[in-house]
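Asker:
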Amino acid sequence: MATLKEIQMRLKSVTNISKITASMKMIASTKTTRAQRSMNVARVYGKTSSELATQAEVQKAEAANELLITVSSDKGLCGGIHSSLSRQSRKYLAEHPEASLVVLGDKAKVQLQRSYPGNIKCTFSQIGSSIPTFDETCVIASTILNDKDISFDNAKLMYNRFVSAIAFETDAIEFYPISQILEAPNFKAYEYQEDVLENLNEFLFANSMHWALVEGHAAEMAAKRTAMENATKNAGDMISRLTLQYNRGRQAVITNELIDIITGASAL
Amino acid sequence: TRTYASEATGATGGKLVVNFVLPHESVMAKREVNQVDMSAVSGDLGVLADHVPTIEQLKPGVIDFISDSGSQKYFVSGGFAIMNPNSVLNINAVEAFKLEDIDPQAVAANLAESQRLVASAKDEITKEAAVIEVELYETLQSALAAKS
Chain W
1 MATLKEIQMR LKSVTNISKI TASMKMIAST KTTRAQRSMN VARVYGKTSS ELATQAEVQK
61 AEAANELLIT VSSDKGLCGG IHSSLSRQSR KYLAEHPEAS LVVLGDKAKV QLQRSYPGNI
121 KCTFSQIGSS IPTFDETCVI ASTILNDKDI SFDNAKLMYN RFVSAIAFET DAIEFYPISQ
181 ILEAPNFKAY EYQEDVLENL NEFLFANSMH WALVEGHAAE MAAKRTAMEN ATKNAGDMIS
241 RLTLQYNRGR QAVITNELID IITGASAL
Chain S
1 TRTYASEATG ATGGKLVVNF VLPHESVMAK REVNQVDMSA VSGDLGVLAD HVPTIEQLKP
61 GVIDFISDSG SQKYFVSGGF AIMNPNSVLN INAVEAFKLE DIDPQAVAAN LAESQRLVAS
121 AKDEITKEAA VIEVELYETL QSALAAKS
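As given, the protein sequences belong to chains W and S, one line each in that order. Taking full-length UniProt numbering, the leading residue of the first sequence gets 1, the next gets one more, and so forth. Taking full-length UniProt numbering, the leading residue of the second sequence gets 1, the next gets one more, and so forth.
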């Protein structure tokens, strides 16, 4: 049975922690609302951009060079966000061991470096502290496209899809480079000038990546809110339990003192 | 049963549907318009319903959306306009603003600044970026002058 002093110290520390998690929950809540608004717009933007590939009915090439981009972030305390991404990425890499891997965010990088270090072509950090802007997306997209070690016929952007405020699901956005779209059955209907194709490729890539980054950020904020809410609730439960224990202990001490006094008095 | 053939207006019924989206704002979603005039790298073009499918890279310039209720002009920084076989025109741009929301004095000041940058640039990349800025502000100035 712990002494009263020990219980008191534990109570104090758990109370402090619950204050911290409560305020983190509040912050994550505000961030989630804002992130969700950006996400709704980014989704429309990304889906509109992918329309060309859908209309042209692009198919994945037979022996396609695959590129997997895992869209994670640097920050923790968000529940299963990063481990879900790592798990799905590892599953994909087990099926496509030759695929190139690009990791956005330190959390997934650490996990994937352990299992598939050879596939990693480049990594990015400083991701996830705020809603991704299109500028940041463009920097990442052009770095990947300009990397001479990376060439692909098919890319999967693995991200966390925002299902609801309490649920997310790891999913992948398909991206076909312009070289593949040119081969698509319905593409011959389109008129275009050759010299815009490279710019189109970069633009479509940045657009899809932007969608993945912004929606991934929204899913992460929502998961952080839920995680902090659970932590605060658990801390609250622990505080009640410890308080009861403390009071029982206090009463036991008082009872013992009373017994001492009474037996002492009756001895006189 | 027999019915009279309806007026042939193309597979889609003669409507031009526009999706005009930016990374941070959906300006138009499934909006029906009559005509869209744009400034592309390959030249200016006007798109009507059932226009032949095309892929156009947009220059900084004005996009004019003409419908029965009038014309709405936006200045875009650049992007792509893709006309699909189902008479849906998708425009992905990076930035777009209504002409009336743009301050001509700010444009003039920024243009002067960019011109100074072109003259004083120390390396190719800075100079290229400044040249692009000058083109942008000059186009913006003439667009603002034309509308008034």
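Even glycine gets a Cβ: it sits at the ideal position worked out from N, Cα and C.
#1: Give me the Cβ distance between residue 46(W) and residue 199(W), rounded to the nearest whole Å; I'm assuming they're in contact under 8 Å.
#2: Are the CB atoms of residue 232(W) and residue 25(W) within a distance shorter than 7 Å?
#3: Using a 10 Å radius around the Cβ and a threshold of 16 neighbouring Cβ atoms, would you call residue 55(W) buried or exposed?
#4: Curious, which full-length beta strand (DSSP E) runs of at least 3 residues does the stretch 60 to 85 of chain W contain?
#5: To the nearest angstrom, how far is the alpha carbon of residue 179(S) from that of residue 137(S)?
#6: Under a three-way DSSP split, which group does residue 64(S) fall into?
#7: Between residue 7(S) and chain W, is any beta-carbon pair separated by less than 7 Å?
#8: In whole angstroms, what separates the C-alpha of residue 184(W) from that of residue 55(S)?
#9: Any Cβ of chain S within less than 7 Å of the Cβ of residue 51(W)?
#10: Give the secondary structure of residue 184(S) by DSSP, where H, G and I count as helix, E and B as strand, and everything else as coil.
#11: What residues from chain W crowd round residue 62(S), counting only those whose CB sits closer than 9 Å?
#12: Would residue 105(W) and residue 73(W) qualify as a contact pair, given that the criterion is a beta-carbon distance under 7 Å?
#13: Name the chain S residues whose beta carbon is nearer than 7 Å to that of residue 41(W)?
#14: Which of helix, strand or coil does DSSP assign to residue 57(W)?
#15: Expressed to the nearest angstrom, what Euclidean distance is found between the alpha-carbon atoms of residue 202(W) and residue 86(W)?
#16: In chain W, which residues lie less than 7 Å from residue 97(S) when you measure between Cβ atoms?
#17: Could you check where the alpha helix (DSSP H) with residue 127(S) kicks off and where it finishes?
#18: List, in chain order, every chain B residue whose beta-carbon is nearer than 7 Å to that of residue 47(S).
#19: Can you name the residues that DSSP bridges to residue 100(W)?
#20: Using only CA atoms, which one of 182(W), 186(W), 154(W) lies nearest to residue 176(W)?
#21: Which residues in the same chain as residue 270(W) place their Cβ atom closer than 6 Å to its Cβ, once the five residues preceding and following it in sequence are excluded?
Answerer: Let's see:
#1: That pair is no contact at about 18 Å.
#2: yes
#3: buried
#4: 66 to 71
#5: Missing from the structure shown is residue 179(S); chain S here goes from 1 to 148 and no further.
#6: strand
#7: Because residue 7(S) sits at a pLDDT of 48, beneath the cut-off of 50, its placement in the model cannot be relied upon, and the following sentence gives the value as read from the coordinates. So no, residue 7(S) is outside the interface.
#8: 15 Å
#9: yes
#10: An answer regarding residue 184(S) cannot be provided, because it is not within the stretch 1 to 148 covered by chain S.
#11: Neighbours of residue 62(S) on chain W: none; closest Cβ ~19 Å, over 9 Å.
#12: yes
#13: 24, 25, 26
#14: coil
#15: 26 Å
#16: By Cβ distance, chain W contributes nothing, its closest Cβ being about 15 Å from residue 97(S), past 7 Å.
#17: 124 to 147
#18: Absent from the structure: chain B. Protein chains present are W and S.
#19: 67(W)
#20: 154(W)
#21: Summary: the structure shown does not reach residue 270(W), with chain W confined to residues 1 through 268, and so no result is reported for it.
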